[in-house]
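Heads up, the thing below is written out as structure tokens.
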Amino acid sequence: MDNMTIIAVVSIITAGLTIALGSIGPALGEGRAVSTALTSLAQQPDASATITRTLFVGLAMIESIAIYCFVVSMILIFANPFWNHAIAGVAKAAGK
Amino acid sequence: MRLSADQLIFWQHGFVKLNGTIGFTWGLMLVLTVASWLVTRKLSTDLRRSRWQNLLEIVVSAIEKQITDVGLKQPEKYIGFLGTLFLFVALAAAGTVIPGYEPPTGSLSTTAALALCVFVAVPLFGIEEQGLGGYLVSYTKPTLIMLPFNIISELSRTLALAVRLFGNMMSGTMIIAILLTITPFFFPVVMTLLGLLTGMVQAYIFSILAAVYIAAATRTRTRKPVPSTILDPAPAPKT
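Chains A and B are the protein sequences, given in the same order.
Sequential numbering from 118 applies to the first sequence in this note's numbering.
Sequential numbering from 179 applies to the second sequence in this note's numbering.
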């Protein structure tokens, strides 16, 4: 296999694995956060505004981990510097 | 398929580009400013007021209440910055209903700029409240060993703000674009709704996090002396 094929194969596999493995942790964490928030809401409905706001802020922080993985996988698919470099190399060699 | 509106070039001269992100950002600024100016031309303080004034008052008082809930005791100092952050990001997300519009916050440039504004504003507000020495000393709390970690956490939470907003907005527009090529009509509409919801939530998250960072930086650590009730008892009420 030449360079371009290796780069393409590894990028595709890594992109898929990144988002697949990277969403497991945040999903579990968000599930636990919401379940604890529901429990405390049931125990103290008066504090529902504070609990809801804190829940949303916490969910956003947990979600950002999944967002980082998503950004990495998007970069690998759409803005891959190694792929662009390989393409540029092939174009230069073909143009010579 | 392009990642954001950065690649949509309206006009180019040399290396100066007018791309979609800049165009949509200025369009949003124009809409916000002109709408506010039109509504606030004739403000009334009695019970008869236009519904637009009512709407703006609801928005402003809701933001003010959120700012005080976070712990900032004088919301009027911060509502300019925090309210603008919220309104800009929320309107950037809400404009997705207009066809042909792409949210400028889906570009890393815009979100990095907003995060840099927060990064600069937090020390500014902190120094304004606590003085330069007091603010710098707060980096060494609770112990001096925490100084590098506090600095790193400042930088990393700025980065996290930028990437969080960028990732949410970009993923929304990208999934709509992908679904449009596969199953037009139903699923893109559902995903647009989800994108609107996450856009509003992310706008709220962005401004609440900025408020929390500012509140952490402006928390004054001096305790006012509580007057003793033994040495100076309250005077007996005159009958």
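Ideal Cβ positions, reconstructed from N, Cα and C, are used throughout, including at glycine.
Computed from a predicted model, the values in this text were never measured in an experiment.
- Message: Check whether chain B comes within 8 Å of residue 191 of chain A, counting only Cβ atoms and requiring the distance to be less than that.
- Response: Locating residue 191 of chain A in the first sequence gives position 74, counting from the first residue. Taking Cβ atoms only, chain B reaches closer than 8 Å to residue 191 of chain A, which makes this a yes.
- Message: Just to confirm the assignment: which complete alpha helix (DSSP H) runs, minimum length 4, are found wholly within the stretch 328-364 of chain B?
- Response: none
- Message: Counting only beta-carbon separations shorter than 8 Å, does residue 349 of chain B have a partner in chain A?
- Response: Translated into the one-based positions of the second sequence, residue 349 of chain B becomes position 171. The C-beta of residue 349 of chain B comes closer than 8 Å to at least one C-beta of chain A.
- Per DSSP, which residues does residue 197 of chain B bridge with? Please list them. Locating residue 197 of chain B in the second sequence gives position 19, counting from the first residue. B/187.
- Query: When the cut-off is 8 Å and only beta carbons count, does residue 199 of chain A lie next to chain B?
  - Reply: Translated into positions along the first sequence, residue 199 of chain A becomes position 82. It does not: the Cβ of residue 199 of chain A has no partner Cβ on chain B nearer than 8 Å.
- If you pair each beta-carbon of the stretch 253-261 of chain B with each one of the stretch 223-236 of chain B, do three or more pairs fall below 8 Å? no
- Could you tell me how far apart the beta carbons of residue 346 of chain B and residue 184 of chain A are, in whole angstroms, since I believe they sit closer than 8 Å? Taking the first residue of the second sequence as 1, we reach residue 346 of chain B at position 168. Taking the first residue of the first sequence as 1, we reach residue 184 of chain A at position 67. Sure, about 6 Å apart at Cβ, within 8 Å.
- In chain order, which continuous runs of the alpha helix (DSSP H) of length 4 or greater are located wholly inside the stretch 135-205 of chain A? 141-160 and 165-195
- Task: State yes or no: is the beta carbon of residue 174 of chain A nearer than 8 Å to at least one beta carbon in chain B?
- Result: The sequence position of residue 174 of chain A within the first sequence is 57, counting from 1. It does: the Cβ of residue 174 of chain A has a partner Cβ on chain B nearer than 8 Å.
- Query: Do we get a CB-CB distance below 8 Å when we pair residue 196 of chain A with the residues of chain B?
  - Reply: Your numbering for residue 196 of chain A matches position 79 in the first sequence. Yes, residue 196 of chain A lies at the interface with chain B (some Cβ there is under 8 Å from its Cβ).
- Cβ contact check for the stretch 332-344 of chain B and the stretch 230-241 of chain B: 3 or more pairs under 8 Å: With contact defined as three or more Cβ pairs closer than 8 Å, the stretch 332-344 of chain B and the stretch 230-241 of chain B are not in contact.
- Task: Determine the direct distance from the alpha carbon of residue 293 of chain B to that of residue 144 of chain A, and round the result to whole angstroms.
- Result: As a working note, residue 144 of chain A is residue 27 in the first sequence. As a working note, residue 293 of chain B is residue 115 in the second sequence. The alpha-carbon atoms of residue 144 of chain A and residue 293 of chain B are separated by roughly 26 Å.
- Message: Does residue 118 of chain A come out as helix, strand or coil in the three-state DSSP assignment?
- Response: Within the first sequence, residue 118 of chain A is the residue found at index 1, counting from 1. Residue 118 of chain A falls in the coil class under three-state DSSP.
- Message: Along the stretch 131-160 of chain A, where does the CB come closer than 9 Å to a CB of chain B? Name the residues.
- Response: none
- Proximal residues of chain B, C-beta to C-beta of residue 164 of chain A below 9 Å: Walking along the first sequence from the start, residue 164 of chain A turns up at place 47. What residue 164 of chain A touches in chain B: nothing, since even the nearest Cβ is about 12 Å away.
- Message: Would you say residue 304 of chain B lies against chain A (beta-carbon separation less than 8 Å)?
- Response: Translated into positions along the second sequence, residue 304 of chain B becomes position 126. Not an interface residue.
- Of all the CB atoms in chain B, is at least one closer than 8 Å to the CB of residue 211 of chain A? Locating residue 211 of chain A in the first sequence gives position 94, counting from the first residue. Taking Cβ atoms only, chain B never reaches closer than 8 Å to residue 211 of chain A, which makes this a no.
- Message: Counting only Cβ pairs nearer than 8 Å, list the residues of chain A close to residue 181 of chain B.
- Response: Within the second sequence, numbered from 1, the residue matching residue 181 of chain B stands at position 3. Under the 8 Å cutoff, chain A gives 191, 195 and 196.
- Message: Out of B/307, B/244 and B/213, which one is the CA nearest neighbour of residue 388 of chain B?
- Response: Residue mapping note: residue 388 of chain B aligns to position 210 of the second sequence, counting from 1. The candidate whose alpha carbon is nearest that of residue 388 of chain B is B/244.
- Report yes if the C-beta distance between residue 289 of chain B and residue 240 of chain B is below 8 Å; otherwise report no. On the second sequence, position 111 is the one that residue 289 of chain B refers to. On the second sequence, position 62 is the one that residue 240 of chain B refers to. Not closer than 8 Å, so no.
- Message: Checking 8 Å against the spacing of the C-beta atoms, do residue 300 of chain B and residue 360 of chain B come in under that value?
- Response: The residue you call residue 300 of chain B lines up with position 122 of the second sequence. The residue you call residue 360 of chain B lines up with position 182 of the second sequence. No, the Cβ-Cβ distance between residue 300 of chain B and residue 360 of chain B is not below 8 Å.
- Query: Is the beta carbon of residue 196 of chain A sitting closer than 8 Å to the one on residue 343 of chain B?
  - Reply: One-based indexing of the first sequence puts residue 196 of chain A at position 79. One-based indexing of the second sequence puts residue 343 of chain B at position 165. No, they are not a contact pair.
- Task: Decide if residue 163 of chain A is buried, meaning its Cβ has at least 16 other Cβ atoms within 10 Å, or exposed.
- Result: Numbered from 1 along the first sequence, position 46 holds the residue referred to as residue 163 of chain A. Counting Cβ neighbours within 10 Å, residue 163 of chain A comes out exposed, since fewer than 16 surround it.
- Task: Determine the direct distance from the alpha carbon of residue 197 of chain B to that of residue 368 of chain B, and round the result to whole angstroms.
- Result: By one-based count along the second sequence, residue 368 of chain B stands at place 190. By one-based count along the second sequence, residue 197 of chain B stands at place 19. The alpha-carbon atoms of residue 368 of chain B and residue 197 of chain B are separated by roughly 28 Å.
- Item | As assigned by DSSP and simplified to three states, the class of residue 280 of chain B | Working through the second sequence from its first residue, we reach residue 280 of chain B at position 102. Correct three-state label for residue 280 of chain B: coil.
- Limits of the alpha helix (DSSP H) - the one that residue 244 of chain B falls within: Sequence index remark: in the second sequence, residue 244 of chain B carries index 66 (1-based). Element bounds for residue 244 of chain B: 229-248.
- Applying a beta-carbon distance threshold of less than 7 Å, which residues of chain A neighbour residue 431 of chain B? Given a span of 179 to 417 for chain B in the structure shown, any question on residue 431 of chain B remains unanswerable.
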